[in-house]
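Visitor:
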Amino acid sequence: MPDTVTEKPVDNMDTSLQDSRTKLFQTDAETKEALRVQQLFHGAWIAKQNLGLHTLWRQCDDYYHARQVTQQSPDDPASNTPVIKPIIDSQISDLVDKPESVQASGVELSDELYSTQVQHMLDYILSHNQFKRKLERAEHDRLELGTSVYKVYFDDEALGGRGLPTYDIVDPANFFPDPKVTAYYHIQEAEFIIHAMWKPLTWFRSKFKRGNYVQRQVQVLYDPKIYDGDHLDESDYTTSQRALLLECYMKDDEGKLYCLSVAQNIILQDTRKENGKLQRRNMFPFVILPCYPRRGVLWGQGDVELLMPVQDVINDLDDQIRVNARLMGNPQIVFGIGAGRGFDPRKWTAAAGLRVPMRDPNAFRVVEARQVSPDVVARREKAFNEADIISGRPDVTRGEQPSGVTAFRAISALQQAGQRGVIHKKEMFKAGFSEVLSLLYDEMIENWTEEMWVRIEGDNPDFQFYDPRELKNIPQLIPNEMYDPTNETPLPQHITLTDEQGKPITRDAEFDLSLSIGDGLPSDKAFIFDMVLDLAGRAVEGKPVIFWSELRQYLRDEVGIPLKDEQEMMQEQQQQMNQGNPQGMVPGVMPGGPQAIPPGMMPQGMPMPIPQAMPAQMPPQNVIPMPQQGGVPIANQL
3 MPDTVTEKPV DNMDTSLQDS RTKLFQTDAE TKEALRVQQL FHGAWIAKQN
53 LGLHTLWRQC DDYYHARQVT QQSPDDPASN TPVIKPIIDS QISDLVDKPE
103 SVQASGVELS DELYSTQVQH MLDYILSHNQ FKRKLERAEH DRLELGTSVY
153 KVYFDDEALG GRGLPTYDIV DPANFFPDPK VTAYYHIQEA EFIIHAMWKP
203 LTWFRSKFKR GNYVQRQVQV LYDPKIYDGD HLDESDYTTS QRALLLECYM
253 KDDEGKLYCL SVAQNIILQD TRKENGKLQR RNMFPFVILP CYPRRGVLWG
303 QGDVELLMPV QDVINDLDDQ IRVNARLMGN PQIVFGIGAG RGFDPRKWTA
353 AAGLRVPMRD PNAFRVVEAR QVSPDVVARR EKAFNEADII SGRPDVTRGE
403 QPSGVTAFRA ISALQQAGQR GVIHKKEMFK AGFSEVLSLL YDEMIENWTE
453 EMWVRIEGDN PDFQFYDPRE LKNIPQLIPN EMYDPTNETP LPQHITLTDE
503 QGKPITRDAE FDLSLSIGDG LPSDKAFIFD MVLDLAGRAV EGKPVIFWSE
553 LRQYLRDEVG IPLKDEQEMM QEQQQQMNQG NPQGMVPGVM PGGPQAIPPG
603 MMPQGMPMPI PQAMPAQMPP QNVIPMPQQG GVPIANQL
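By my numbering, the letter at position 605 of the sequence shown is numbered 607, and the numbering carries on one by one without gaps.
1. Could you check the C-alpha separation between proline 179 and alanine 36 for me, to the nearest Å?
2. Identify, in the order they occur along the chain, each residue of the same chain with its Cβ nearer than 7 angstroms to the Cβ of glutamine 334, setting aside the five sequence neighbours on each side.
3. Report the option in Phe465, Thr491 and Asp469 whose CA atom is closest to the CA atom of glutamate 453.
4. By the 10 Å Cβ neighbour count, where 16 or more other Cβ atoms means buried, how is tyrosine 186 classified, buried or exposed?
5. Have a look at glutamine 303 and arginine 297 and give me their C-alpha separation to the nearest angstrom.
6. Along the chain, which unbroken stretches of the beta strand (DSSP E) at least 3 residues long are found entirely within the segment 204–292?
7. Quick check on DSSP: helix, strand or coil for serine 551?
8. Check the DSSP bridge columns for phenylalanine 199 and list the partner residues they point to.
9. If you follow the alpha helix (DSSP H) that histidine 67 is in, where does it begin and where does it stop?
10. Please confirm if the segment 490–510 is in contact with the segment 143–162, defined as three or more CB-CB distances below 8 angstroms between the two stretches.
11. Let me check understanding here. Comparing Cα to Cα, which of Ala341, Met123 and Glu146 lies closest to methionine 310?
12. Could you give the first and the last residue of the continuous beta strand (DSSP E) run that contains proline 167?
13. Since I believe valine 39 is in contact with leucine 262 (beta carbons under 8 angstroms), could you give me their beta-carbon distance rounded to a whole number of angstroms?
14. At the level of alpha carbons, what is the spacing between histidine 426 and glutamine 132?
15. Extract the residue ranges of the beta strand (DSSP E) inside the segment 305–371, only unbroken runs of 3 or more that lie entirely within it.
16. Since alanine 68 contacts proline 84 with CB under 8 angstroms, what's their CB separation in whole angstroms?
17. Taking Cβ positions, are arginine 212 and leucine 439 nearer each other than 8 angstroms?
18. Taking only the alpha-carbon atoms, compute the straight-line gap between glycine 590 and glutamate 552 and give it to the nearest angstrom.
19. Buried or exposed, going by whether 16 or more other CB atoms sit within 10 Å of the CB of lysine 209?
20. Could you compute how far the alpha carbon of asparagine 214 sits from the alpha carbon of leucine 124?
21. What are the residues that DSSP puts in a beta bridge with glutamine 466?
22. Between the C-alpha atoms of glycine 257 and arginine 282, what's the straight-line distance to the nearest angstrom?
23. Between isoleucine 228 and arginine 60, which are expected to be in contact by the criterion C-beta below 8 angstroms, what is the C-beta distance as a whole number of angstroms?
24. Is there contact here, the segment 188–199 with the segment 239–251, by at least three beta-carbon pairs under 8 angstroms?
25. From the DSSP output, read off the bridge partner residues of glutamine 105.
26. Below 8 angstroms between beta carbons: does that hold for proline 76 and glutamate 445?
27. Return the residue from the list Asp272, Gln478, Leu493 and Pro477 that minimises the CA-CA distance to methionine 484.
28. Can you tell me the Cα-Cα spacing of proline 601 and methionine 579, whole angstroms?
29. Please name the residue or residues paired with arginine 382 in a DSSP beta bridge.
30. Where does tryptophan 455 land, buried or exposed, given buried means 16+ other C-beta within 10 angstroms?
31. According to DSSP, which residues form a beta bridge with proline 546?
32. Between the alpha carbons of tryptophan 47 and isoleucine 316, how many angstroms are there, rounded?
33. If you measure between the beta carbons of threonine 149 and tryptophan 301, is that distance less than 8 angstroms?
34. Give every residue of the same chain whose Cβ lies closer than 6 angstroms to the Cβ of aspartate 464, excluding the five residues on either side of it in the sequence, and list them in chain order.
35. Applying the criterion that 16 or more other CB atoms from any shown protein chain within 10 Å of the CB defines a buried residue, is proline 621 buried or exposed?
36. Can you have a look at tyrosine 65 and say buried or exposed, based on whether 16 or more other CB atoms are within 10 angstroms of its CB?
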């Protein structure tokens, strides 16, 4: 007899796995600590509510997605011209569409010897953390809500159980820092930081021993869910099996960092009972990056908040234009007594093919609607310019044709000037992300305890075998007083510092970490293509700025034209020459012509013949016209 399949909904709490609260054993001290965490969470939530952040963030999200306008009546145009979204997306695309790499500089000479290894390992970590996708999410929070929050931890289950230093993007609505902190760069001075998040009941059971005691929780007094769609799981009982988890990070009297995981006044985890440190330097594992810092508060201000008044002005002006257009298309009509006693004006509508009986066809008059004021149209155009000024994104940086500018270099200058706002945001991002790299480095040397192969990306990908444990025991170098560079066999310039017993003194490697993101001119392919063509016809001191091989490589790699390599072209030409010559004849010698002198039979004093350049090295004149200098083509000056 086949087994009976019992259908169970996703995340449904199995009653056989749920334990009664009466079986929960928790000391009075643990209960007191759990209640204190709840009180800290309530205080931090109310502090954010008093600042109006929850309402502001909902409005920013609605304005970005063009949901802020609702039609009040059938006659309401409810105009909504999206202005904010293209501005935000263009800035994020400029930040994401750049190559990135980690730069590590040793604090001392002892550290500098391991800088290349650290760079490769951190590049490997960022690659496996899906850097591009998380960067886009973080920049959306920073530009839309004004603040982005990074959380760094070690994921024990990543990479097949080897673990991975990981960073996640925390929604500002789920982040509750100590209200006493009034600047984002003073976050390490906080008394506590709470990360609140909703989790399925099955997650509690799989992560914590006391997870069986956590029950379904839908309505809470202080709910971090503030956006539209956050409560969609409440459509049915089986889909809302969840509870609120509070991760509270605090420091004890000795300054040691620890974390309490609390749900429904139950302490699920206390890191003080575990071996080792939660963080190597006892730093809060959070980094805050604001868009525009504000005085007196930790939270920043975003571009969406600044652009909301401009968006409202544009929508209001569009309403005036559309209402006037409706009046022009369906004008007001005045009729007199001569229309007849049976004339019903309510039946005189704008329907097509309408027959209106009237005694006197001249007994009515159309009230001509006035044209919309030109000030409305001018103010609307000015509002778009104001949006560009506020965001620092002129029209040329969004791919639109700049008004009144046609010269290539002038457009390039405008495009470069339009990058200033993005460059400023990028520099502030790089300054803040260096703290994220430092926290990732702490997790790397503290929790990675196995040797591993690290893939090195680039033009020639390679693998290197590294042991992260070496970074915790590097020898400390000091200058060698006996070093004399004038000696024939000089001694080493630096030696290892030893203790009284002659053993090397070691310490943890320390680095100044930073993220390098491509700078320079805009990375638009059309702009670069025009610039390459312009530079291909220029020469400096008789030599071309861009060689023909470099131009062909760019056309092949970036433009996508299937051009052959020069080596392949030379081989094909050689094969064609060999196939076209009679058997036994030297290639390149015509029948009946002078025979080539073998290199070994060259008489002394006779100069060696200069080999002529292969045709593949000469650029065809119908592809890139090379200008002449002094009457000699540039190609002949190579």
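We put the CB at the ideal spot given by N, CA and C, even for glycine.
Guide: Taking the definition as stated:
1. Cα-Cα distance, rounded: 17 angstroms.
2. Excluding sequence neighbours, glutamine 334 sits near Val369.
3. Ranking Phe465, Thr491 and Asp469 by Cα distance to glutamate 453 puts Asp469 first.
4. Buried is the call here.
5. Rounded to the nearest angstrom, the two C-alpha atoms are 11 angstroms apart.
6. Taking 3 residues as the shortest admissible run, the segment 204–292 contains the following complete beta strand (DSSP E) segments, listed from N- to C-terminal end: 244–253, 259–265, 268–272 and 288–292.
7. In the three-state reduction of the DSSP assignment, serine 551 falls in the helix class, which pools H, G and I.
8. As written in the sequence, residue 199 is methionine, which differs from the phenylalanine given in the question. Methionine 199 pairs with Leu247.
9. Careful: histidine 67 lies outside any alpha helix (DSSP H) and carries neither H nor E.
10. With the rule of 3 Cβ pairs closer than 8 angstroms, the segment 490–510 does not count as touching the segment 143–162.
11. Nearest C-alpha to methionine 310: Glu146.
12. 166–172 is the extent of the beta strand (DSSP E) around proline 167.
13. At roughly 6 angstroms, the Cβ-Cβ gap stays under 8 angstroms, so leucine 262 and valine 39 are in contact.
14. C-alpha separation (whole angstroms): 24 angstroms.
15. Fully enclosed beta strand (DSSP E) runs of 3 or longer: 334–337 and 366–369.
16. With 8 angstroms as the limit, alanine 68 and proline 84 qualify as a contact, their Cβ atoms being about 5 angstroms apart.
17. Between arginine 212 and leucine 439, the gap from beta carbon to beta carbon reaches 8 angstroms or more.
18. Unreliable placement is indicated for glycine 590, whose pLDDT of 48 sits below 50; the coordinate value is still reported in the next sentence. Inter-residue distance for glycine 590 and glutamate 552 is about 29 angstroms (C-alpha atoms, whole angstroms).
19. Counting other Cβ atoms within 10 Å of its Cβ, lysine 209 stays below 16 and is therefore classed as exposed.
20. Computed Cα separation, rounded: 38 angstroms.
21. Val456.
22. Straight-line Cα distance between these residues: approximately 12 angstroms.
23. Indeed, because the Cβ distance is near 6 angstroms, the residues count as touching under 8 angstroms.
24. Yes, since at least three Cβ pairs between the segment 188–199 and the segment 239–251 fall closer than 8 angstroms, the two stretches touch.
25. Answer is Ser516, bridged to glutamine 105.
26. Not closer than 8 angstroms, so no.
27. Taking only the C-alpha atoms, the option nearest methionine 484 is Leu493.
28. Because the pLDDT at proline 601 is just 47, under 50, the model does not fix this residue reliably, and the point stays unresolved.
29. Looking at the DSSP assignment, arginine 382 forms no beta bridge with any residue, so it has no partner.
30. It counts as exposed.
31. BP columns for proline 546 point to Ala541.
32. Roughly 35 angstroms separates the two Cα atoms.
33. Their beta carbons are under 8 angstroms apart, which means threonine 149 touches tryptophan 301 by this criterion.
34. Here the set comprises Ile458.
35. Any reading at proline 621 needs caution, since the residue's pLDDT is 46, under 50, leaving its predicted position unreliable; the model's value is listed next. When all chains shown are included, proline 621 counts as buried.
36. It is buried - the Cβ of tyrosine 65 has at least 16 other Cβ atoms within 10 Å.
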